[in-house]
Each structure stands twice: as structure tokens, then as C-alpha cells.
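Residue numbers (the working numbering), protein chains in the order written: chain A, 1 to 138; chain B, 139 to 276; chain C, 277 to 414; chain D, 415 to 552; chain E, 553 to 690; chain F, 691 to 828. Down below is the structure, laid out as C-alpha cells.
Protein chains: 6
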Amino acid sequence: MPRVSVTRRVHFSAAHRIHRPDWSDDRNQEVFGDCSNPQWHGHNYEMDVTVEGEIDPETGYVMDLKELKDLVQNRVLADVDHRNLNTQVPWLKDTNPTTENFIVAIWERLREHLPERVALRRLVLWETPRNYVEYEGL
Amino acid sequence: MPRVSVTRRVHFSAAHRIHRPDWSDDRNQEVFGDCSNPQWHGHNYEMDVTVEGEIDPETGYVMDLKELKDLVQNRVLADVDHRNLNTQVPWLKDTNPTTENFIVAIWERLREHLPERVALRRLVLWETPRNYVEYEGL
Amino acid sequence: MPRVSVTRRVHFSAAHRIHRPDWSDDRNQEVFGDCSNPQWHGHNYEMDVTVEGEIDPETGYVMDLKELKDLVQNRVLADVDHRNLNTQVPWLKDTNPTTENFIVAIWERLREHLPERVALRRLVLWETPRNYVEYEGL
Amino acid sequence: MPRVSVTRRVHFSAAHRIHRPDWSDDRNQEVFGDCSNPQWHGHNYEMDVTVEGEIDPETGYVMDLKELKDLVQNRVLADVDHRNLNTQVPWLKDTNPTTENFIVAIWERLREHLPERVALRRLVLWETPRNYVEYEGL
Amino acid sequence: MPRVSVTRRVHFSAAHRIHRPDWSDDRNQEVFGDCSNPQWHGHNYEMDVTVEGEIDPETGYVMDLKELKDLVQNRVLADVDHRNLNTQVPWLKDTNPTTENFIVAIWERLREHLPERVALRRLVLWETPRNYVEYEGL
Amino acid sequence: MPRVSVTRRVHFSAAHRIHRPDWSDDRNQEVFGDCSNPQWHGHNYEMDVTVEGEIDPETGYVMDLKELKDLVQNRVLADVDHRNLNTQVPWLKDTNPTTENFIVAIWERLREHLPERVALRRLVLWETPRNYVEYEGL
Numbered sequence: 001m002p003r004v005s006v007t008r009r010v011h012f013s014a015a016h017r018i019h020r021p022d023w024s025d026d027r028n029q030e031v032f033g034d035c036s037n038p039q040w041h042g043h044n045y046e047m048d049v050t051v052e053g054e055i056d057p058e059t060g061y062v063m064d065l066k067e068l069k070d071l072v073q074n075r076v077l078a079d080v081d082h083r084n085l086n087t088q089v090p091w092l093k094d095t096n097p098t099t100e101n102f103i104v105a106i107w108e109r110l111r112e113h114l115p116e117r118v119a120l121r122r123l124v125l126w127e128t129p130r131n132y133v134e135y136e137g138l
Numbered sequence: 139m140p141r142v143s144v145t146r147r148v149h150f151s152a153a154h155r156i157h158r159p160d161w162s163d164d165r166n167q168e169v170f171g172d173c174s175n176p177q178w179h180g181h182n183y184e185m186d187v188t189v190e191g192e193i194d195p196e197t198g199y200v201m202d203l204k205e206l207k208d209l210v211q212n213r214v215l216a217d218v219d220h221r222n223l224n225t226q227v228p229w230l231k232d233t234n235p236t237t238e239n240f241i242v243a244i245w246e247r248l249r250e251h252l253p254e255r256v257a258l259r260r261l262v263l264w265e266t267p268r269n270y271v272e273y274e275g276l
Numbered sequence: 277m278p279r280v281s282v283t284r285r286v287h288f289s290a291a292h293r294i295h296r297p298d299w300s301d302d303r304n305q306e307v308f309g310d311c312s313n314p315q316w317h318g319h320n321y322e323m324d325v326t327v328e329g330e331i332d333p334e335t336g337y338v339m340d341l342k343e344l345k346d347l348v349q350n351r352v353l354a355d356v357d358h359r360n361l362n363t364q365v366p367w368l369k370d371t372n373p374t375t376e377n378f379i380v381a382i383w384e385r386l387r388e389h390l391p392e393r394v395a396l397r398r399l400v401l402w403e404t405p406r407n408y409v410e411y412e413g414l
Numbered sequence: 415m416p417r418v419s420v421t422r423r424v425h426f427s428a429a430h431r432i433h434r435p436d437w438s439d440d441r442n443q444e445v446f447g448d449c450s451n452p453q454w455h456g457h458n459y460e461m462d463v464t465v466e467g468e469i470d471p472e473t474g475y476v477m478d479l480k481e482l483k484d485l486v487q488n489r490v491l492a493d494v495d496h497r498n499l500n501t502q503v504p505w506l507k508d509t510n511p512t513t514e515n516f517i518v519a520i521w522e523r524l525r526e527h528l529p530e531r532v533a534l535r536r537l538v539l540w541e542t543p544r545n546y547v548e549y550e551g552l
Numbered sequence: 553m554p555r556v557s558v559t560r561r562v563h564f565s566a567a568h569r570i571h572r573p574d575w576s577d578d579r580n581q582e583v584f585g586d587c588s589n590p591q592w593h594g595h596n597y598e599m600d601v602t603v604e605g606e607i608d609p610e611t612g613y614v615m616d617l618k619e620l621k622d623l624v625q626n627r628v629l630a631d632v633d634h635r636n637l638n639t640q641v642p643w644l645k646d647t648n649p650t651t652e653n654f655i656v657a658i659w660e661r662l663r664e665h666l667p668e669r670v671a672l673r674r675l676v677l678w679e680t681p682r683n684y685v686e687y688e689g690l
Numbered sequence: 691m692p693r694v695s696v697t698r699r700v701h702f703s704a705a706h707r708i709h710r711p712d713w714s715d716d717r718n719q720e721v722f723g724d725c726s727n728p729q730w731h732g733h734n735y736e737m738d739v740t741v742e743g744e745i746d747p748e749t750g751y752v753m754d755l756k757e758l759k760d761l762v763q764n765r766v767l768a769d770v771d772h773r774n775l776n777t778q779v780p781w782l783k784d785t786n787p788t789t790e791n792f793i794v795a796i797w798e799r800l801r802e803h804l805p806e807r808v809a810l811r812r813l814v815l816w817e818t819p820r821n822y823v824e825y826e827g828l
């Protein structure tokens, strides 16, 4: 059977700062520049969540995209949309919320909650229209 | 010689419904929801057709994109643009036109009609700006 | 007080055909071409709904965009998303659903249902990424 | 002489919350919902800055876009990019940073600093890809 | 009858330089910088052509967009696509091809060639995704 | 440690023609059509530069995107932006500047200049919004 990848693109807005609490303010400023502004900044994030699997001969779907949308809503967006990534997201606690660390944490939130028939194949996370990261798991 | 992938993005509009004729209307509605509306709905589809090959040292092209555009026009768009995917496309007959089934059928329309020098590498098919599928063959 | 325009962009998918029932099939085909395909075609529509008013000094809003979104959802999208514009939308009955006729009908659905403080200023309706219409009322 | 409008589109990222300090937290939450999250959220803003004037017969420009870009950089972006709109921008002090109030404040930052030959005609400010405001002055 | 604006977005690629032949190379370089590179540079232009008129009660169209597309193709794109704006376009002869001068010249190419029922209302011409000009006639 | 891909999207404008100097003008015209216009044409190019590596546990970055941006600026954009690809770029000398040849040449400009911790994974180069090429190295 053909294996097809299916993607849902989602959107959210959040505040953050790139910051290590175990470093001095000067050290944070020196390494991370304006991204470490103590009064925060924020972004409109766009994320492509891609799952892969065989087409279910009964429905013609790899996975119902409404189901995928709901899963991402419940496991990720409900926790991060209009939130502060440094202080308000339990599963980012003790994580410096660079886009790289963030995408790996989102991967962990999603990968074991998909239906058995599909695998999480790829995440793409845009922090701005010019910068994005991709992760395909270990 | 370096192998490069070359993509042409194309656009078309079509009507469809997600529907199994061997199921009752109630069953279709239950599984597919509004996507199974008996009076149809439709989409502006965008599709990226990607071929891969070595650069031809004579022309500097992997494949002339005008040729690729014409091939996609003749083998796919001429049949589906401003058409009903359930009732008017011979090569979709007996296919429930989910995006997954549709992309596999398009792959079959294209793969043996490319020049020998290149291989069909990937199709990406957007049904909406938020949903898309990818296929890279068996 | 400064007057500001506020816009919410919305998305829906629908089937239609450009068609006059009082004309023969041949006449429809001659004037409207493929857009009159009797088996329908469809689009992903994008629409910008713009209201204008003074900034409310209490909230700093011209209009809460959530309220505008809900209004457009209830008065327009609930009737047209995943529907057939020719056969399933009561307020388009007896209307040839060109983008021009459609935008005027949407205007009438919205303009008397806005809060008193704001006026409907402009609608922009994209039928494809290359074609759109604008309407600002009589 | 023909009058032409010339636009530069710029980008910045900032944190904010919709919040009235003279209201209780409960009242802020009730009226502004998640947008009033005390731990902030943020956005990638896009802004179109449009000036209008006659074409200078010497240069063929209404205004050198590099000059316009520098002006917007110095008068606006340097103060707001990677900043907190509620706490770090002197010219937004005592302003509830809704998009409506923000665009009017930006207008005031720019309008008297343009070369005499051109007038500030319009600002468009996107807070998200689905929400934007426009202002054309008093 | 309602008046509606109808827009067709078109695309072309061209070479140019910002340059006054009656100025020295040094003077051109000083005023126009890299845009005056004697070996040319180029752009993908996008243009929105907007016409306005009453909806034709017979067709439901303000203007058949295919007709508008053909007109723009014949009067503008055929002359400028894959051409050098300084040396190969008869109707730009003796014009310094800034975006401002270019849009006024395009306006003149189109305005008297539209059907009587509609008026040319607005042109928008993007030179890059960040810079555009608008013209609405004298 | 998780390996993540990080991308910076950049923009530039250039003139070129598809042309082999060892062929006659007629032969060039026959094979390359308008793309071989002797008076040049040009494009707004967009390019995604993707590097891959482990997340640095100290910074949470795979690579500081500012560093990547500066590298691409110095090694590529400074040479090609507002330039003629056929005549003004030393590292494209004797290269027919098709998008395929261009992307391979850019790859060579970048791959040995990245920090040791990361590898150049992929380039994507858009010549128009409808045509792009990808290269992942030999």
C-alpha cells in the first residue's frame, strides 16, 4: 500500500526570551542579544505537523485531519497559545525556549499520542517568516 | 555530476465530495461530516511537482520547466481543472477523492511520462492553505 | 477621535457554477465556459471583512475581533462553508453566484448586524490567489 | 503631475498584553480574555507604511524607499522590535497596546518626520496573518 | 446598481536599472546606488489590475476576468516579460524605469482599452515582496 | 542528542540570461527561448539555507541564525544582489546561470565556511513563486 504524508498547519502566538537563569544578565545579553530582553518579546508561530502512514482502504485517509488538529490543539496549542514559554508551560520548565529546544519538546508531546496506524514524521516550526526549524525525531 | 531537484508549482480548482457509494448517506455523513455534502464542495488546489536528475551539461537544466509544465497540464490539469473529481475524471473512477487517494492517482499519471533522464521525486498537494499531503512513490 | 479600520480575514470552501437557469446549456457554456461546468467546480475562498469606527476609549478596540469573527461565522460561513452556492444557500437563491453577486449578498448579510459603534467599510473576496473583488456598499 | 503612493513593508516582533492598569485582574480577564495574560504574549508584526506624493522629475521617485526604510527603522522599529510594548516604549506609556492604539501612536511617530514633498497616506498593521488594522490619519 | 471592483493579479520578470542617461555614471551611482548597476539587475514583478463598474445583470460580471487578463497580456506583459525595461520597451523609451514611472506608463497602456462599462480604478505594482507602488490616475 | 535543522530564508534581486557563449544567437534562442534575451531579464530570488546539527546544550541553538545570516550575506548575497549573474560574479564565470547551476555554485560557496558543529543540509532556491530547485550536495 502507498505510504502518504499528511500535514496540518497550525498557528499560535506566545511570549518568550532566550535566557539561561544560571547565567548573569550580562552573559545572557552578550550571547543572546535582544532575544534575551528581560521584559520579553514574542512571535506568531506557524507549525506544520506531518504524520505518515498507509492509506486506510476504508476511508481513503491516512488520518482524519480533524483528529490531528484536535490532538495538536489539546497537547500543544492549549498550553502555549497566548502564553509565556519561559514561565507558564509545565513541559518547558527548565528549558531555554530556543526554537530548537521548543520543537523537540513539542515532538515529545505528540509522538506517543497518535493513533497506532500513523507515525509522526516531521515538525516544521516557523518563529518568523524568515526563520524556521525542522525535526524528524531521533 | 550533482543531482538537483526541480519543482513546478501548479494551480487548479475542482469540486468533490468525500464519499463511498457503497455506504448509506448516514454512514458517509457520520464518517466524513461536511466533507461528504451530497451537493459537493470544492477547493483551489496547489501542487508542487518535483523531478530529480543530473544537470544536463549541454543546457544546464535538469529538465526544461516549460516541458514539465506542459506535461502536468496535459496529463493532469486538463482533466481536473474546473471538473468534478467524483464524476468527471476517468482515472479517478471508483476512487474516493480524498487528498491521499488523489495524490497517488496523480503520481501514476505522471511517473512514466517523464523524460528518461529524470525521476519523479515528490508531489505535494495542498487542499487548503492549512492542509497538504506529500507522496514520494512506493 | 481617530477612526481606524479593523479587518478579520476568514476562509471557506464551496462548490458553485456560473450559470443562468433561464439560458440553454449551450448558451451558458458559450458565455461562461468551464466556469459553467454542469457537474460544478469549487474554490477555497478568502475574505477580508473590514469595519471602521472610533477607538472605544474604554477598551482601546474599535471592535473586539472575536465578536467580528463570530458574526461572520454565524451570518455567512455557517451557510456557505462546504456548501453548494447554487443550491444550498437560501440567501443566494435565484442569484448567479459570480464573485461579484456573491460579495454584494454577503454585504447584505452583515451590514445591519454590526454593533452601532462601527460601520461595515469594505469586503474583499478572493476566489483564487489571482482573482478578487472588493465592495464598499452603495 | 501624477501622484503615486509608495509603500515599504517592515517586520518586527514584540511582547504585549491588552490590559488596563486601573482595572482589576478579573475585569481585565473578563473583557480581554487570554490577550490580557499577565505573563504576556507576543506577535510578529508586519506593517505597510505608505507615503504619497508627486513623482520627482529629477529622480523618478516619489521618495527613495531606502530613506523611508531608515526613517521607519529609527522612529519606530528601533523602539519596538524585541521589546515589551507595555513597559519599554516611552511613546506607548499609559497606552493600552491594542493594535488600534498602537497604529495611531506609530502614525504620530512618523507623520512630521517625512520630507516635505510627501504625505503619510496610510498605515496597515498586521498583528497576525488573519487580523490587521488600517489608519489614514484624522 | 452596486458598483464592484474586480482585480486580476499578474506576474512578470524583467531587467532594468535606475539610470538617467544625461547624468554621469558617478552621479547615477551617487543618487541611485546599486539600483543603477550598469550591468543591470531585475525583478519578479507582481501587479494587481483593478477595474470598477456596475454588475452586468445579464452575466453577473463587472467584467469577464479572462478578458481583463488577455488585455493586460496584450497591452503590457507581451512587451515587458523577460525584457529589459530600459532598452526594449517602446513605450518606456526615454523613461527612467523607477516603479513610480513604470506604473504611470502601464496605466496609460490600459486605461483607454477597457470596455466602456468599466473604469480602470487602481494599479498596484510590487517590485519586491517588501516594496510596492499604487496609482489611481490623475 | 537530537539533531535539528535550522533555516534562514534570504532574498536578493539579480539580472541574468540563460546563454551559452559558444552557441550562436539562433541556437540560444531556439533552446532557451525568451530566457536567453540578449538584453537580459531578472528575478527576485528567495533562498532557504538549511544547516543541521545537534543542539548545543550551552546555548540551546544548533547555530546562531544571525551568524548564518551574516555568512550567507558575505559569501553569497554581497556578490549577487543587484548584480548580473553572467558578467559580474567571479564564482559564476564560465557558468550558464540556470537555477540548477546557480544552486550548486552557491553550495560550494557555503559548505566549507560553516562552523564545525553543523553541516550544510539543503538549499532551496526560488527563481519565481512557481519555480524552485533544491540541492543537498553530492
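Think of the CB as a built atom: it goes at the ideal place given N, C-alpha and C, for glycine as much as any other residue. In this text, all values refer to a predicted model and were calculated from it rather than measured experimentally.
CB contact below 8 angstroms: residue i versus chain B
i      : result
F:L782 : no
A:H55  : Per the sequence presented here, residue 55 of chain A reads as Ile, with His not at that position. With 8 angstroms as the cut-off, A:I55 counts as an interface residue toward chain B.
Test: residue i CB closer than 8 angstroms to a CB of chain A
i      : result
B:V248 : In the sequence as presented, Val is not what sits at residue 248 of chain B; that position holds Leu. Answer no: the Cβ-Cβ gap between B:L248 and chain A never drops below 8 angstroms.
B:L276 : yes
Contact list for residue i against chain C, beta-carbon separation under 7 angstroms
i      : result
D:I517 : V280
8 angstroms contact criterion, which residue i and residue j should meet: CB distance rounded
i      : j      : result
D:D448 : D:T421 : The Cβ separation is near 32 angstroms, so there is no contact.
A:V76  : A:L110 : 7 angstroms
C:T326 : C:S281 : 5 angstroms
C:E334 : C:R279 : Rounded, the Cβ-Cβ distance is 17 angstroms, inconsistent with contact.
F:V752 : F:V808 : 6 angstroms
A:R9   : B:R268 : 5 angstroms
CB contact check: residue i to chain D, cutoff 8 angstroms
i      : result
C:V325 : no
Residue-chain proximity (residue i, chain E), Cβ-Cβ < 8 angstroms
i      : result
F:R773 : yes
D:G474 : yes
C:E376 : yes
Classification of residue i by the beta-carbon crowding that lies within 10 angstroms, buried from 16 upward
i      : result
E:E686 : buried
C:S300 : exposed
D:L499 : buried
F:E817 : buried
D:N451 : buried
B:W229 : exposed
B:L209 : buried
D:L482 : buried
B:L203 : buried
E:Q625 : exposed
Neighbour list for residue i in chain B, Cβ cutoff strictly below 9 angstroms
i     : result
A:R75 : Within 9 angstroms Cβ-Cβ: nothing; A:R75 doesn't reach chain B, min ~18 angstroms.
Partners in chain F for residue i, counting only beta-carbon separations shorter than 9 angstroms
i      : result
E:D586 : D771, H772, R773
Within chain B, the residues that residue i reaches when beta carbons sit closer than 8 angstroms
i      : result
C:H319 : S151, G180, H181, N182
A:L154 : The requested residue 154 of chain A is not part of the displayed model; chain A covers only 1 to 138.
Contact list for residue i against chain A, beta-carbon separation under 7 angstroms
i      : result
B:R268 : R8, R9
Neighbouring residues, chain A, relative to residue i (Cβ below 9 angstroms)
i      : result
D:Q453 : A15, W40, R83, N84, N86, T87, Q88
Listed by chain order, chain E residues near residue i by CB distance under 7 angstroms
i      : result
C:N372 : G612
Proximal residues of chain D, C-beta to C-beta of residue i below 8 angstroms
i      : result
E:E604 : Within 8 angstroms Cβ-Cβ: nothing; E:E604 doesn't reach chain D, min ~17 angstroms.
CB contact below 8 angstroms: residue i versus chain F
i     : result
A:E30 : no
Cross-chain neighbours of residue i in chain F, by beta carbon under 7 angstroms
i      : result
A:E116 : Residues of chain F passing the Cβ test: none, with the nearest at roughly 24 angstroms.
- request: May I ask you to verify whether the region 730–739 of chain F touches the region 78–90 of chain A, counting CB pairs closer than 8 angstroms and requiring at least 3?
  value: no
Cβ pair count under 8 angstroms reaching 3, the region 785–792 of chain F against the region 700–708 of chain F: yes
query: Any chance the region 113–126 of chain A sits against the region 157–168 of chain B, with 3 or more Cβ pairs inside 8 angstroms?
result: no
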